[in-house]
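Comments concern the structure below.
In the numbering used here, the protein residues as written are 44 to 287.
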């Protein structure tokens, strides 16, 4: 999603939900004035460029969200973390991003936990720590974040911050796969195809590959199935896809 669209949606949510209205309304008015100047007649030699308008939008939005975050709004804390991580509306500051993600995570914000899991995994803004990475991924996963569920599955499969446990990996891959996460669906299919952590089952592998729309893997699994098994699996794929 373009950052301008993401910011626009955040501002719209502020208006609809009434979050930080005392700070939001002046910011919106200032933004409207700025954009109006920017879209005025081309004879205005000093009219800001499209890039300048976008940067001003981001700056104003960041000030609004930082104010709301300072007052305790959980979603604003997460937004400020993302802005500092990406350097949008403010200078990029990964350490500051960690600070705000942690404050949001302390209030059970799943996506903030997921960001922290990634940052501790790769050592961005903090020293790499596989155990803390898994801790945050697991908390996000338990809150229903499908990306984190996949990451926890990866941790258990490959022993990242924890002793390898294929059955636990399968359990977390399945949780993410049932929410439609395609990487988890493909990996679950892989494990069924070779019988790692689960009984070998080419039809089940074909099912998960189908839900992930992974044609290459489907072709591989298809070679191990009868026509009737393929037909049955295709029907299950259609039924499950339609139910989502």
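The C-beta atom is built at its ideal place from N, Cα and C for all residues, glycine as well.
Subject >> Within 8 Å, strictly: CB atoms of residue 204 and residue 225 >> reply: Along the chain shown, one-based indexing puts residue 204 at 161. Along the chain shown, one-based indexing puts residue 225 at 182. For residue 204 and residue 225, no; Cβs fall outside 8 Å.
Original post:
Okay, do the stretch 192-201 and the stretch 165-172 touch, 3+ Cβ pairs below 8 Å being the bar?
Top reply: These segments do not touch.
Original post:
Beta carbon of residue 232, beta carbon of residue 248: below 8 Å?
Top reply: Within the chain shown, the letter at position 189 stands for residue 232. Within the chain shown, the letter at position 205 stands for residue 248. Taking 8 Å as the Cβ cut-off, residue 232 and residue 248 qualify as a contacting pair.
Original post:
Between residue 4 and the rest of its own chain, which residues show a CB-CB distance below 7 Å, the 5 nearest in sequence each way excluded?
Top reply: The chain is shown only over 44 to 287; residue 4 falls outside these bounds and no answer can be derived.
Original post:
Excluding five sequence neighbours on each side, which residues of the same chain lie with their C-beta closer than 6 Å to the C-beta of residue 269?
Top reply: Working through the chain shown from its first residue, we reach residue 269 at position 226. There are no such residues.
Original post:
Looking at the structure shown, is residue 277 part of a helix, part of a strand, or coil, going by DSSP?
Top reply: By one-based count along the chain shown, residue 277 stands at place 234. DSSP places residue 277 in helix when its eight states are reduced to three.
Subject >> First and last residue of the uninterrupted alpha helix (DSSP H) at residue 100 >> reply: Residue mapping note: residue 100 aligns to position 57 of the chain shown, counting from 1. Bounds of the alpha helix (DSSP H) holding residue 100 are 93-113.
Original post:
Taking buried to mean at least 16 other C-beta atoms within 10 Å of its own C-beta, is residue 257 buried or exposed?
Top reply: In the chain shown, the residue the question calls residue 257 occupies position 214. Answer is buried; the Cβ neighbour count reaches 16.
**OP:** Measure from the alpha carbon of residue 183 to the alpha carbon of each residue in 119, 281, 218, 237, then state which is nearest.
**Re:** Residue mapping note: residue 183 aligns to position 140 of the chain shown, counting from 1. The residue with the shortest Cα to Cα distance from residue 183 is 218.
Original post:
Using 8 Å as the threshold, is the stretch 184-193 in touch with the stretch 148-160, meaning 3 or more CB pairs across them?
Top reply: Taking a contact to require three or more Cβ pairs closer than 8 Å, the stretch 184-193 and the stretch 148-160 qualify as touching.
Subject >> Length of the line joining the Cα atoms of residue 103 and residue 96 >> reply: Stepping through the chain shown from its first residue, residue 103 is reached at position 60. Stepping through the chain shown from its first residue, residue 96 is reached at position 53. Residue 103 and residue 96 have their C-alpha atoms roughly 11 Å apart.
Original post:
Secondary structure at residue 224, three-state DSSP: helix, strand or coil?
Top reply: On the chain shown, position 181 is the one that residue 224 refers to. The answer is coil: DSSP assigns residue 224 none of H, G, I, E or B.
**OP:** Please classify residue 207: does DSSP put it in a helix, a strand, or coil?
**Re:** For this step, residue 207 is matched to residue 164 along the chain shown. Residue 207 falls in the coil class under three-state DSSP.
Subject >> Exposed unless 16 or more other CB atoms sit within 10 angstroms - verdict on residue 201 >> reply: By one-based count along the chain shown, residue 201 stands at place 158. Residue 201 counts as exposed, since fewer than 16 other C-beta atoms from the protein chains shown sit within 10 angstroms of its C-beta.
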